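Protein chains in written order, with our numbering: chain A, 3 to 290; chain B, 2 to 95.
C-beta atoms are modelled at their ideal positions from N, C-alpha and C, and glycine is treated no differently.
Values in this document were obtained by computation on a predicted structure and should not be read as measured data.
This is how it looks when you write it as structure tokens:
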């Protein structure tokens, strides 16, 4: 008798997940692909349009503008959150009773739902009654995030930094804590400066977790919707309309299902590419 | 009978998904008769299995078609030729 080296019956256990994914991912995605090539005026009547919508989206200034805003936003929050996260992680205590206090404090913002964060910052930053808005105005700054693009951007970036720097901190802290004391002792014997300790001991040891942090923050911020939607609603004008907010405006505001479907597929391909890069980089780090 | 008219199926989109599923099935058959074995290191310094290469091929051809559409508009025959070339390149060299 031929002996089977593996029991293939376990695959049956995957069937429920497959069905679930088919319902909530494959079927909607297939529908989006179908919509992206057609025009509809409702009532399930469709007209073939070919790749018109894709071409229109790829050449539309509106799409370019929201993609650019999206990249700028992602770039800005990464440029702030990563160095800030490293700095906070390095200044956190590594022994003693304060460790748990710091960790809990750091984890708190991560536990708050996105829409609540948006609502909190909306009220916090209101120029007439909010603590931040009122204080800034009474100090003589002209600050109104509902009317000035710069204020709106500042508030959105600040909100994201407030919400997500903790994630970078916690990841970096885990990296720093995994460094054995012997490294620091060796550095002390060599008379290394604190910059040298950071550059040649802490930073290399943090490389793995830092890659994860950067890629996670990149992906999350690239798909951000709820927080800026609740805070600014994409305004004033279109100045904080990021990709996902623009997509919802086209699909549900204007009910242009064809262009919205084409745009979401382009968006999906970009996210898929980033996911793949994320996965590849992570796997490489595992090997090292 | 289940009413699926809201999914707005057309022949070209159905053909696309059939091609996608077919490519995965071909990979299965290929793997059964001639196993691909361990990942290999290609020209980009990536360790890829056959499945990885199929994914890279499909994703890449998506971007090739989008880029062609953005720069040269329709018809997309040129993009299709490039995408087939990309498939061959990825399966042979990456």
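Checklist entry - Would residue 57 of chain B count as contacting chain A if we go by Cβ distances under 9 Å? => result yes
Next on the checklist: Cutting at 6 Å between CB atoms, please list the residues of its own chain near residue 243 of chain A, excluding the five before and the five after it.
Outcome noted: 68, 236
Item to check | Unbroken stretches of the beta strand (DSSP E), 3 residues or longer, contained in the region 27-91 of chain A | outcome: 40-42, 48-50
Checklist entry - What residues from chain A crowd round residue 18 of chain B, counting only those whose CB sits closer than 8 Å? => result 32, 35
Next on the checklist: Rounded to the nearest angstrom, what separates residue 197 of chain A and residue 240 of chain A at their Cα positions?
Outcome noted: 43 Å
Item to check | Nearest-angstrom beta carbon gap, residue 88 of chain A and residue 174 of chain A [assumed within contact, 8 Å] | outcome: 5 Å
Item to check | Through-space distance from residue 51 of chain B to residue 62 of chain A, alpha-carbon basis | outcome: 37 Å
Item to check | When B:8, B:59, B:63 are compared against residue 25 of chain B, the one with the closest alpha-carbon | outcome: B:59
Checklist entry - Helix, strand or coil: how does DSSP classify residue 192 of chain A here? => result coil
Checklist entry - Rounded to the nearest angstrom, how far is the Cβ of residue 91 of chain A from that of residue 171 of chain A, given a contact under 8 Å? => result 5 Å
Next on the checklist: Can you find the residues in the same chain that come closer than 6 Å, C-beta to C-beta, to residue 83 of chain B, ignoring five residues on each side of it along the sequence?
Outcome noted: 65
Next on the checklist: In the DSSP output, which residue or residues are listed as bridge partners for residue 48 of chain B?
Outcome noted: B:42
Item to check | Where residue 10 of chain B meets chain A, residues with beta-carbon distance less than 8 Å | outcome: 36
Checklist entry - Mind listing which residues of the region 53-78 of chain A have their C-beta closer than 7 Å to chain B's C-betas, in chain order? => result 53, 56, 57, 60, 61
Next on the checklist: So, under 8 Å CB-CB, residue 49 of chain A and residue 41 of chain A are touching, yes? Tell me the CB distance rounded to an integer number of Å.
Outcome noted: 5 Å
Next on the checklist: Output needed in chain order: residues of the region 61-94 of chain B with a Cβ under 8 Å from some Cβ in chain A.
Outcome noted: 63, 64, 67, 70, 71, 74, 75, 77
Checklist entry - Below 9 Å between beta carbons: does that hold for residue 168 of chain A and residue 111 of chain A? => result yes
Next on the checklist: I'd like the ranges of any beta strand (DSSP E) spanning at least 3 consecutive residues and lying wholly in the region 112-140 of chain A.
Outcome noted: none
Item to check | Distance, residue 119 of chain A Cα to residue 229 of chain A Cα | outcome: 7 Å
Next on the checklist: Just to confirm my understanding: we take residue 11 of chain A, look at its own chain, exclude 5 residues before and 5 after, and list those with CB closer than 8 Å. What are they?
Outcome noted: none
Checklist entry - Between which two residues does the alpha helix (DSSP H) containing residue 232 of chain A stretch? => result 228-233
Next on the checklist: Which residue marks the beginning of the alpha helix (DSSP H) containing residue 201 of chain A, and which one marks its end?
Outcome noted: No alpha helix (DSSP H) contains residue 201 of chain A, which DSSP labels as neither H nor E.
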